[in-house]
Amino acid sequence: MGYADIYGGWKADPEGYWMQAAGAIDWVKAPSRALNADRAPLYEWFTDAEVNTCWNAVDRHVLAGRGKQPAIIHDSPVTGTKHVITYGELQTRVASLAGALRAKGVEKGDRVIIYMPMVPEALEAMLACARLGAIHSVVFGGFAANELAVRIDDCKPKAIIAASCGIEPNRVVHYKPLLDGAIDLAGHKPDFCVIFQREQEVARLVEGRDVDWHAFQFGVTPAECVPVAGNHPAYILYTSGTTGAPKGVVRPTAGHLVALNWSMRAVYNVGVGDVFWAASDVGWVVGHSYICYGPLIAGCTTIVFEGKPVGTPDAGTFWRVIAEHKVRSFFTAPTALRAIKRDDPNGELIRDYDLSNLQALFLAGERADPDTIHWAARHLNVPVIDHWWQTETGWAIAANPMGIEHLPVKVGSPSVAMPGYDVQVLDEGGHPVGPGTLGAIAVKLPLPPGTLPTLWNAEERFRKSYLSHFPGYYETGDAGYIDEDGYLYIMARTDDVINVAGHRLSTGAMEEVLAGHRDVAECAVIGVTDALKGQSPVGFLCLNKGSNREPAEVVKECVTLMREKIGPVADFKRAVVVDRLPKTRSGKILRGTMVKIADCEEFKMPATIDDPAILEEIREALKTIGLAAKG
Ligand code: COA
Ligand code: AMP
């Protein structure tokens, strides 16, 4: 059956479609029905099922005789090590870790924060939580202590599992002092912390609070898989919204299992025994869905890669990993390819490796620019598949479903809606617009299994952020259009979220940090176009009246402040001091116009602008940091 038939089949009988997909999951108690619309417009899937995620990702493969198959390959050019963990070993390790957590009081429903770099132990920690029905929340290593503290206070973990350090090419990331600092800052205190000591840096343990990863597992009884209800939260993953307070996206257990398992075959065209690699980080949704859960649920071998696309040691690293581990399906962010293309424009390093196992390259996380797609297709000689999704959905909203049908590729489009998603483009009044017309991209409710049912402890915020603007729809926050063939084009965000190197960041959160600087009276942050990272943040600072501070000094302090408060991941390196900000007569800052000036794009003078002369001042200020000037 081709894509059109499958999509049509889903549309004709959505519940039947997902009930059938649910047949691929091992249930403790099978669901009696698929959709639960009792609280519409809040929906759940497979509510009355009982199931365990870890069983489906680990134990069932061992039971099926695949205990000796590699489950995880850790390939770490930054430490110069490689390590294979079979499904059998993974089961033993996860059961032991879960047993130790349980012995210290972690139970079904308890939250556990995981703060770890790209080591297999990060996946083991996630799976150990899943084994117990504990709800994990993984925090990306590039966030500062303050961001970690915000998450601790929001989800109130009983335990935190962290590594002693992470390794960036230019430095060791000291996780432990960041963790200690975050716990000091947070109002909520975890009962205990588990520290995975890495040999690159052994951290000092706080007596009475911290336990050593290995020592605390000594002599414990391994834990069995604890069944949880279908709607039990599998995890919380915080993502950027409009304000400084991150949104705690909740992932429901049963829908997550069904949808990820479905997507591994339908989208990525892999199954039992295939090697799948998503070059992302466990701190992001791609890491959750396609480094940890998706490949393991489907019985694949997953690669945990601790390195960068360039510089570890060179722009051939990705190709080496693909060749050496016989990767069949590879997933990365366009930024990573742009970095490689910059270092190796003619793809010479690609020729050093045998990539004959590779079937397709998948891109997501940000807009895939045509140059990058063409470059990759030319040098890798496999289909390059752009697909579009979000932390909120957990899996592809739109893709070219390689396991169903390889549809014609239209460069610049992530292709078509996946079964489960009725994607529509709406005008301001919430009415669907015709093909080719730009509008807000929304998905008709209900969303499919695996997508967020709510935000952690913030149902009202969930309704307000996603459901209230266009009743009957989920608002994606992206704008774009659909062409006559049903292909989607994602053009921009409709909110203050920017995308830097595939990392989703909030300019609102950055503005809150800048506003906290004692000399800053007013500020704005915008995302300007960046050839490597897609977008890059730039700050505008208006200093307090009468301030006699050197502008360059204040800028430097703001850059440091951002690193301290949000973290290096914000990648905030540029700001300018200006006398005033361009605003509408009602006082709204004209960020969109500022972006256009920085990017040297044509723009229409906003009719409501208070004083057009300010725009020239903005242009001059931007020129001092190399923006707003053509060439
Ligand atoms: N822990 C701690 N710090 C981290 C980190 C982590 N896990 N990841 C990134 N950082 C730091 C970097 O060291 C850098 O710090 P610096 O300012 O001291 O140099 C900063 O955060 C910005 O990092 P990044 O945006 O990654 O830029 P970079 O210049 O180090 O690397 C690329 C550029 C293109 C190689 C890199 O951005 C990349 O690999 N991008 C792909 C991203 C990706 O896969 N995203 C997946 C989302 S699905
Ligand atoms: P995140 O939640 O971090 O995965 O970020 C999701 C956002 O990244 C989306 O809402 C889009 O703005 C952007 N995005 C993700 N994938 C794509 C894509 N293939 N094309 C364009 N934008 C994308």
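Going left to right, the sequence shown walks through residues 12 to 642 as this note's numbering numbers them. Even for Gly, the Cβ is constructed at its ideal location relative to N, Cα and C.
Here Pro-233 carries a coil assignment [DSSP, helix/strand/coil]. For His-398, the Cβ falls inside the 7 Å cut-off from some heavy atom of the ligand AMP.
Here Gln-228 is buried: its Cβ has 16 or more other Cβ atoms, across all protein chains shown, within 10 Å.
A direct Cα-Cα distance of roughly 5 Å separates Ala-214 from Ser-175. Within 7 Å of the C-beta of Asp-354 there is not a single heavy atom belonging to the ligand COA.
Within the same chain, and ignoring the five residues on either side of Leu-592 in sequence, the residues whose Cβ sits closer than 7 Å to its Cβ are Glu-533, Ala-535, Phe-551, Cys-553, Ile-600. For Gly-550, there is no enclosing alpha helix (DSSP H); the residue is part of the beta strand (DSSP E) that begins and ends at 545-554.
Taken in chain order, the complete alpha helix (DSSP H) segments of 4 residues or longer contained in the region 449-510 are 470-473. Distance between Pro-345 and Ala-379, taken at the CA atoms: about 6 Å. Judged by the Cβ position, Thr-97 fails to qualify as a neighbour of the ligand AMP at the 7 Å threshold, every heavy atom of the ligand being at least this far. In the three-state reduction of the DSSP assignment, Ser-87 falls in the strand class. Taking 7 Å as the cut-off, one finds at least one heavy atom of the ligand COA near enough to the beta carbon of Phe-151. The Cβ atoms of Phe-57 and Val-261 do not sit closer than 8 Å to each other. Under the DSSP definition of a beta bridge, Asn-47 partners with Glu-55. In its chain, beyond the 5 residues on either side, Pro-320, Val-321, Leu-543 have a beta carbon closer than 7 Å to the beta carbon of Ala-350. Of all C-beta pairs linking the region 333-343 to the region 286-302, three or more are shorter than 8 Å, placing the two stretches in contact.
C-alpha of Asp-541 to C-alpha of Ser-547: approximately 6 Å in a straight line. For Leu-374 against Ile-396, the beta-carbon gap comes to about 7 Å, under 8 Å, which counts as contact. In the same chain as Val-524, and ignoring 5 residues on each side of it, the C-beta atoms closer than 7 Å to its own belong to Leu-572, Met-573, Lys-576, Ile-577, in chain order. Relative to the ligand COA, His-390 has its C-beta separated by 7 Å or more from all heavy atoms. With fewer than 16 neighbouring CB atoms inside 10 Å of its own CB, His-225 falls in the exposed class. The residues Val-281, Gly-305, Ala-309, in chain order, have a CB closer than 6 Å to that of Met-275 in the same chain once the five nearest residues on each side in sequence are set aside. Where Leu-372 is concerned, the enclosing beta strand (DSSP E) starts and stops at 371-374. Distances taken from the Cβ of Ala-375 to the heavy atoms of the ligand AMP include one shorter than 7 Å. Per DSSP, the beta bridge partners of Ser-517 are Val-508. With respect to the C-alpha of Val-589, the residue from Cys-611, Thr-383, Val-580, Ala-624 having the closest C-alpha is Ala-624. Cβ contact annotation for Ala-632 (same chain, cutoff 7 Å, sequence separation greater than five): Val-587, Val-589, in chain order.
Val-130 has its alpha-carbon roughly 12 Å from the corresponding atom of Ile-96. Burial is judged here by how many other beta carbons sit within 10 angstroms of a residue's own beta carbon; Gly-76 has fewer than 16 and is exposed. Annotation: Asp-363 to Thr-462 spans about 41 Å, alpha carbon to alpha carbon. Of the residues assessed, Ala-133 falls on the buried side of the cut-off, its CB having 16 or more other CB atoms within 10 angstroms. Sequence-distant partners of Val-237 (beyond 5 residues in either direction) whose C-beta falls short of 8 Å from its own C-beta, in its chain, are Asn-63, Lys-119, Arg-142, Leu-143, Gly-144.
The shortest C-alpha to C-alpha distance from Thr-250 to any of Thr-635, Trp-295, Thr-92, Val-117 is the one to Trp-295.
Counting only the Cα atoms, Thr-254 lies some 26 Å from Leu-638. In this structure, His-85 keeps its C-beta atom at 8 Å or more from the C-beta atom of Lys-79. Note on Thr-635: under 16 other CB atoms within 10 angstroms of its CB, so exposed under the neighbour-count rule.
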